[in-house]
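The structure appears below as structure tokens.
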Amino acid sequence: MFVSNEPDFQLGVVVDSEVPAAGELSTWERRDVAYDATMAAKAGFVFGGLAIQGTERLFLSEFTRSQWVTTADGRRRRYGAGVRLFVKATSLSGKAKVGLSFLAAEAEMGNATARSDLKVVGYVGSIGDHFVMQGTFNVENYVMMRQNMDKLIVQISDDLPNIRPLLLEEEGDDDDDADFDRVVGELWALTMIADRKSCVHAKGRFPRAGSAIGVAAIEAMYGKLSAPFGGAPRPCDDQELGAGAQEYAKQQLGRLRLKT
């Protein structure tokens with residue numbers, strides 16, 4: 009597991025005058041969220057510096073102390089500090105229940121492969137006393153991670169002088185663009201599947217290759233059609249999908265095709 013005082017991602021331009029002081033962070037929140045590849049790309053999350061792939065899922069458990077502000081450019085931004093536990097899962101059934109405790113049990117039984125990152129954001133104090141290195145993500149280590157996370161939460165909550173609020177989230181006006189990229193990615197994937205092209209080929213020829221959301225949508229569609237009955241999705245590779253997937257793609261597209 010990797011521990012860092014650095015932010016996972018930073019959005020926009022931070023202007024000192026718009027950042028609330030540590031004592032003004034009035035919203036305390038703890039949440040657990042699961043993302044597929046498209047959702048993770050839209051939210052701006054990466055794991056280990058890499059985007060979440062179409063056959064992977066990202067689980068986030070986080071505590072934050074934050075404050076929303078309206079900045080000079082009229083946008084809503086959330087600044088704060090917090091502790092974030094990320095777990096990236098592969099080889100996980102599409103019908104699997106959502107939740108880190110369930111994922112830990114699945115990993116221990118060999119039904120999933122998972123890696124974890126624990127990150128501290130917006131805090132510059134020492135965290136070494138409250139962290140113990142763990143190995144493979146399983147039930148025992150999940151319990152230890154939760155204990156470490158609880159200790160870090162207590163420390164950060166009581167140490168205002170070492171809180172340096174960072175930009176955690178912002179309300180954008182690009183939801184329509186994100187939805188457009190997702191739809192284009194899905195249509196492109198269906199077109200490529202119908203033409204008996206592989207996932208690697210589809211990504212390499214995608215006209216909007218710079219769109220993480222579009223690429224994630226391609227991978228997600230290939231993963232979905234590689235396991236139509238709820239099994240573990242096949243990773244994005246250079247092999248075409250079977251005849252059933254090709255026929256399904258043709259039916260979904262009808263006469264519609266994206267130009268290749």
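Using this note's numbering, you'd call the opening residue of the sequence shown number 9 and step up by one each time. Backbone N, C-alpha and C fix where the C-beta goes; we use that ideal spot for every residue, glycine too.
Worksheet item: Can you give the beta carbon distance from residue 192 to residue 212, rounded, assuming they're within the 8 angstroms contact cut?
Response: The beta-carbon separation of residue 192 and residue 212, rounded to 16 angstroms, does not stay under the 8 angstroms limit for a contact.
Discussion item. Does residue 258 come out as helix, strand or coil in the three-state DSSP assignment?
Written reply: Residue state, collapsed to three classes: helix.
Worksheet item: Would residue 168 be called buried (16 or more neighbouring beta carbons within 10 Å of its own) or exposed?
Response: Residue burial annotation: residue 168 is exposed, with fewer than 16 other C-beta atoms found within 10 angstroms of its C-beta.
Item to complete: Take the Cβ of residue 37 as the centre, count every other Cβ of all protein chains shown within 10 Å, and call the residue buried at 16 or more, exposed below.
Response: Classification for residue 37: exposed.
Worksheet entry | Segments assigned alpha helix (DSSP H), at least 4 residues, entirely inside the segment 141-223 | Correct list: 147-165, 183-202 and 207-213.
Worksheet item: Quick one: what's got a C-beta closer than 8 angstroms to residue 261's C-beta in the same chain, skipping five residues either side?
Response: 195, 198, 199 and 202.
Worksheet entry | residue 43 - partner residues in DSSP beta bridges | DSSP links residue 43 through a beta bridge to 66.
Fill in: Cα-Cα separation, residue 103 to residue 64
Here residue 103 scores only 48 on pLDDT, less than 50, and its place in the model is too uncertain to base an answer on.
Item to complete: Rounded to whole angstroms, what's the CA-CA distance from residue 87 to residue 77? Just pull it up for me.
Response: Those two C-alpha atoms are separated by around 8 angstroms.
Practice prompt. Tell me, please, whether the segment 90-99 touches the segment 68-76 by the rule of three or more beta-carbon pairs shorter than 8 angstroms.
Written response: They touch, by the three-pair rule.
Worksheet item: Which same chain residues, not among the five before or five after residue 41, have their C-beta less than 6 angstroms away from its C-beta?
Response: The beta carbon of residue 41 is closer than 6 angstroms to those of 68 in its chain, skipping five residues each way along the sequence.
Item to complete: Report the rounded CA-to-CA distance for residue 117 versus residue 215, giving the unit in angstroms.
Response: Approximately 41 angstroms, taken between the alpha carbons.
Practice prompt. Could you name the residues that DSSP lists as bridge partners for residue 94?
Written response: Within the DSSP bridge table, the entry for residue 94 names 68 and 125 as partners.
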